[in-house]
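A.B. asks:
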Amino acid sequence: GQNIDQPTEMTATEGAIVQINCTYQTSGFNGLFWYQQHAGEAPTFLSYNVLDGLEEKGRFSSFLSRSKGYSYLLLKELQMKDSASYLCAANYGGSQGNLIFGKGTKLSVKP
Amino acid sequence: EAQVTQNPRYLITVTGKKLTVTCSQNMNHEYMSWYRQDPGLGLRQIYYSMNVEVTDKGDVPEGYKVSRKEKRNFPLILESPSPNQTSLYFCASRRGSTDTQYFGPGTRLTVL
């Protein structure tokens with residue numbers, strides 16, 4: 001099966017910038033999602049990258065390199081409410097559109 | 112309001128007592144999925160459906176059944192629940208295979 005790897009935990013300071021990396025297997029890859037999940041709640045959509053490059057959406061940006069099987073989520077001007085788990089999910093397409101999730105990165109933002 | 116709903120939100124039951132968790136979406140989405148989420152294991156897909164009467168196994172289908180008789184509904188059935196099925200369950204839907212997936216609020220199931 002496809003392996004999606006991301007760090008288990010990260011800690012950062014309020015106001016800082018943090019980068020959460022995600023690697024995936026490239027065979028059959030269609031695109032990469034990032035979701036945010038607060039404890040006990042449902043994941044919510046942040047971004048979807050299909051093409052190489054950086055996509056910016058306010059304080060959050062997501063980068064994709066298809067040839068390297070690599071993505072990152074960049075969070076700027078961190079706020080306490082950004083403390084959450086961040087899930088990357090690779091779409092392996094085909095008619096079934098198989099979506100494989102990483103185990104998530106738990107981000108703790110400290111004052 | 113576009114949403115995915117699940118019921119019940121919380122359930123405590125005993126081993127062997129059949130249960131159904133309902134899932135409904137109002138976005139006319141083709142694709143629906145069920146996931147379970149366990150500490151350290153992340154989200155794992157149980158079953159998915161690409162359309163009415165079309166369902167297939169995900170990564171962890173053992174002990175679960177699903178049906179898709181109508182486009183909006185995708186119930187998850189545990190015929191004989193066991194303690195290892197204690198988990199947080201999410202239903203999700205999306206329009207197409209490459210579209211954004213929307214999650215329901217989750218069902219926390221405990222099997223004693």
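Chains B and R, in that order, give the protein sequences.
Heads up: the first sequence begins at 1 in our numbering, then just goes up one per residue.
Heads up: the second sequence begins at 112 in our numbering, then just goes up one per residue.
By construction, the Cβ of each residue, glycine as well, lies at the ideal position given by its N, Cα and C atoms.
Every value quoted in this text rests on a predicted model; they were computed, and no experiment measured them.
(1) Which residues in the same chain as Q37 of chain B place their Cβ atom closer than 8 Å to its Cβ, once the five residues preceding and following it in sequence are excluded?
(2) In three-state terms, what does DSSP make of Q117 of chain R?
(3) My guess is that L187 of chain R and V171 of chain R are in contact by the Cβ rule of under 8 Å, so how many angstroms apart are they, rounded?
(4) Relative to the alpha-carbon of Q136 of chain R, which residue among R:N195, R:R179, R:L189 has its alpha-carbon at the smallest distance?
(5) Along the chain, which unbroken stretches of the beta strand (DSSP E) at least 3 residues long are found entirely within the segment 14 to 77 of chain B?
(6) If we define contact as Cβ-Cβ less than 9 Å, is S198 of chain R a contact residue for chain B?
(7) Hey, would you say S61 of chain B sits closer than 9 Å to L73 of chain B, going by beta carbons?
(8) Buried or exposed, going by whether 16 or more other CB atoms sit within 10 Å of the CB of Y121 of chain R?
(9) Considering only residues of the segment 128 to 155 of chain R, which uninterrupted beta strand (DSSP E) runs meet the minimum length of 3 residues and lie entirely inside it, listed in chain order?
(10) Could you tell me how far apart the beta carbons of M138 of chain R and S191 of chain R are, in whole angstroms, since I believe they sit closer than 8 Å?
(11) How would you list, in chain order, the residues of chain B whose beta-carbon sits under 8 Å from the beta-carbon of P216 of chain R?
(12) So what's N162 of chain R in DSSP terms, helix, strand or just coil?
(13) Closest Cβ-Cβ distance between N21 of chain B and chain R: below 9 Å?
(14) Could you tell me the distance, in whole angstroms, from the CA atom of V34 of chain B to the CA atom of L78 of chain B?
(15) To the nearest angstrom, how far is the alpha carbon of S193 of chain R from that of F29 of chain B?
(16) State the Cα-Cα distance for the pair T209 of chain R and K106 of chain B, rounded to the nearest angstrom.
(17) Show which residues of chain B have a CB atom less than 9 Å away from the CB atom of F185 of chain R.
(18) Looking only at its own chain, which residues have a Cβ that is under 7 Å from the Cβ of D82 of chain B, when we skip the five neighbours before and after it?
(19) List the DSSP bridge partners of S198 of chain R.
(20) Could you tell me whether the Cβ atoms of G31 of chain B and N91 of chain B are closer together than 9 Å?
(21) Tell me which same chain residues have a C-beta within less than 6 Å of the C-beta of G217 of chain R, skipping the five on either side of it?
(22) What first and last residue would you give for the beta strand (DSSP E) that runs through V109 of chain B?
(23) Grab the span of the beta strand (DSSP E) containing I188 of chain R for me, first residue to last.
(24) Under 8 Å Cβ to Cβ from T211 of chain R, same chain only, skipping five residues before and after it: list those, please.
C.D. replies: The short version:
(1) A distance below 8 Å between beta-carbons, with the five flanking residues on each side excluded, links Q37 of chain B to the following residues of its chain, in chain order: P43, T44, A84, S85, Y86, L87, G104.
(2) DSSP, read as helix, strand or coil, puts Q117 of chain R in strand.
(3) That pair is no contact at about 12 Å.
(4) Of all alpha-carbon atoms in R:N195, R:R179, R:L189, the one lying nearest the alpha-carbon of Q136 of chain R is that of R:R179.
(5) Listed in chain order, the beta strand (DSSP E) runs fully inside the segment 14 to 77 of chain B are 18 to 23, 31 to 37, 44 to 49, 53 to 57, 60 to 65, 70 to 75, counting runs of at least 3 residues.
(6) Chain B contact via Cβ: absent.
(7) Yes, the Cβ-Cβ distance between S61 of chain B and L73 of chain B is below 9 Å.
(8) So Y121 of chain R counts as exposed.
(9) DSSP runs (the beta strand (DSSP E)) wholly in the segment 128 to 155 of chain R: 130 to 136, 142 to 149.
(10) Your pair M138 of chain R and S191 of chain R does not check out as a contact, with CB atoms roughly 33 Å apart and the cut at 8 Å.
(11) E41, A42, listed in chain order.
(12) Here N162 of chain R sits in strand by DSSP.
(13) Not flagged as an interface residue toward chain R: N21 of chain B, since no C-beta distance is shorter than 9 Å.
(14) Sequence check: residue 34 of chain B is Trp here, not Val. Using only the alpha carbons, I get a separation of about 17 Å.
(15) If you take the alpha carbons of S193 of chain R and F29 of chain B, they lie about 35 Å apart.
(16) If I take the Cα positions, the gap works out to 26 Å.
(17) At a beta-carbon threshold of 9 Å, none of the residues of chain B lie near F185 of chain R; the nearest stands roughly 15 Å away.
(18) L75, L107, V109.
(19) The partner list for S198 of chain R (beta bridge, DSSP) reads R:L220.
(20) With a cutoff of 9 Å on beta-carbon distance, G31 of chain B and N91 of chain B are scored as near each other.
(21) Its chain contains L199, F201 as the residues whose beta carbon lies nearer than 6 Å to that of G217 of chain R, once the 5 sequence neighbours on both sides are disregarded; these appear in chain order.
(22) Its beta strand (DSSP E) spans residues 105 to 110.
(23) Boundaries of the beta strand (DSSP E) around I188 of chain R: 187 to 189.
(24) R205.
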